[in-house]
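First the structure, in the form of structure tokens, and then the observations on it.
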Ligand code: PMV
């Protein structure tokens, strides 16, 4: 499919008002997206586990209006929020060509997260995905007749234009984004991984250790930009393709040892790219490294297949198979919680994707 296939061609403009509500989960990348070109096209392919508990819930109420400006209000956790407005304004500008009714309505956007506010967990993936799904639903109310496959693709396409990784939050359990030769894929939207998946990966666990709940010092927008002209960019992009091909085999065989190697290498490579860009920066904190070392020691001592991954921040995602749940949780409580702010961590696991809450 091309970008043109996502333009809403005609719609019934008699609809006066209505509302829709979606919940959409966050996701955690196993092969990381880092580096993009206009318009939000990834420089390398990525794949992620969709999460289950960390979600954004968004209700959009639309009312017909006069005038040709964008008009919207945002309420975050019940309170009017001005800080999110520029991001939504940019999002609307980017998607207008595909969603031509945006200037015809006033939108009240009410949104909340299931994870604690300012936990250092990026809400842009779940947030943009939930909003995109609401807009695609509104297209249907305006008369568009979409198959469920097209509905999901268009929602993911729009979500991508809000925040790249958001396109991987529409569906579960594993979603690929970015063209590559190993898996069915597109640069324009996420696609559910449709290869063989060994039962070792069923209900995979992700416990998110909240090491640093503050604002990131460097935004991912800037981080992506710094991959232009980065001395190691070309090799990094090649490596991501290679890791994806290896993961495909790992998913089929259930080879957790290689899973751990690929996933941890990806996390450290992401941060290595940050540390070697111009300007360079470090998002890990001392406690991030303490946790990584403790995980390595525990794995060596017990033969466990627990591993870590990182997002663009200091928090650590601890990944492990469901059959290790009791042991790893004890380990986390005993040895890792002390490195978290207020000993806080979030229990999550792989999930199935977004859900329509109210039509
Ligand atoms: O979606 P963005 O532009 O916030 O980029 C996020 C990139 C990482 O979270 C660091 C990796 C990924 O693939 O999710």
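Residue numbers (my numbering): 1 to 359.
Idealized CB from N, CA, C, for every residue including glycine.
- Apart from sequence neighbours up to five positions away, the residues of its chain that approach residue 17 with a beta-carbon distance below 6 angstroms are 63, ordered along the chain.
- The continuous beta strand (DSSP E) containing residue 76 extends over residues 71–76.
- Spatial neighbours of residue 341 in its own chain (CB-CB distance under 8 angstroms, excluding positions within 5 residues in sequence) are listed in chain order as 210, 211, 212 and 213.
- Selection 172, 32, 189 and 194 evaluated against residue 182 yields 194 as nearest (Cα-Cα).
- Beta-bridge pairing by DSSP links residue 307 to 319.
- The three-state reading of DSSP puts residue 89 in helix, counting H, G and I together.
- Going by beta carbons, residue 273 and residue 314 fall outside the 7 angstroms limit.
- When 318, 253, 301 and 297 are compared, the shortest CA-CA separation from residue 307 is found for 318.
- For residue 57, the enclosing beta strand (DSSP E) begins and ends at 46–64.
- From the listed residues 20, 101 and 94, the smallest Cα separation to residue 14 is found for 101.
- Residue pairing for residue 18: DSSP places it in a beta bridge opposite 62.
- Counting the other Cβ atoms within 10 Å of the Cβ of residue 74 gives 16 or more, which makes it buried.
- Scanning its chain for C-beta atoms nearer than 6 angstroms, with the 5 sequence neighbours on each side dropped, one finds no residue around residue 228.
- With 16 or more other CB atoms across the displayed protein chains lying within 10 angstroms of its CB, residue 45 is buried.
- Within its own chain, the residues whose Cβ lies closer than 7 angstroms to the Cβ of residue 144, once the five positions on either side in sequence are excluded, are 8 and 11, listed in chain order.
- Counting along the chain, the unbroken beta strand (DSSP E) around residue 205 starts and ends at 205–209.
- Under DSSP, the beta-bridge partners assigned to residue 24 are 56.
- Within 6 angstroms of the C-beta of residue 190 there is not a single heavy atom belonging to the ligand PMV.
- By the Cβ neighbour-count rule, residue 208 is buried, with 16 or more other Cβ atoms within 10 Å of its own.
- Annotation for residue 298: the continuous alpha helix (DSSP H) segment containing it runs 286–302.
- Taking all protein chains shown into account, residue 280 has fewer than 16 neighbouring C-beta atoms within 10 Å of its C-beta and is therefore exposed.
- At a threshold of 6 angstroms, residue 255 does not count as near the ligand PMV, since its beta carbon sits no closer than that to any of the ligand's heavy atoms.
- When distances are taken from the beta-carbon of residue 164 to the heavy atoms of the ligand PMV, the shortest one is below 6 angstroms.
- Taking C-alpha positions only, residue 216 is separated from residue 121 by approximately 10 angstroms.
- The C-beta distance from residue 33 to residue 126 rounds to 16 angstroms, too long to fall under 8 angstroms, and the pair is not in contact.
- Secondary-structure assignment with DSSP links residue 42 through a beta bridge to 36.
- Looking at the backbone, the Cα of residue 354 and that of residue 167 are separated by about 11 angstroms.
- When 142, 129 and 141 are compared, the shortest CA-CA separation from residue 153 is found for 129.
- Linking residue 186 to residue 325 through their CA atoms gives a straight-line distance of about 34 angstroms.
- Contact between residue 133 and residue 22 holds: their C-beta atoms lie close to 4 angstroms from each other, under 8 angstroms.
- Residue 47 is positioned such that its CB atom lies no closer than 7 angstroms to that of residue 60.
- In this structure, the straight-line span from the alpha carbon of residue 338 to that of residue 288 is close to 11 angstroms.
- Within the DSSP secondary-structure output, residue 355 pairs in a beta bridge with 23.
- If you look at residue 326, you'll find it isn't in any beta strand (DSSP E); it sits in the alpha helix (DSSP H) that goes 325–331.
- In the DSSP assignment, residue 121 is bridged to no other residue.
- Not one heavy atom of the ligand PMV sits closer than 6 angstroms to the Cβ of residue 280.
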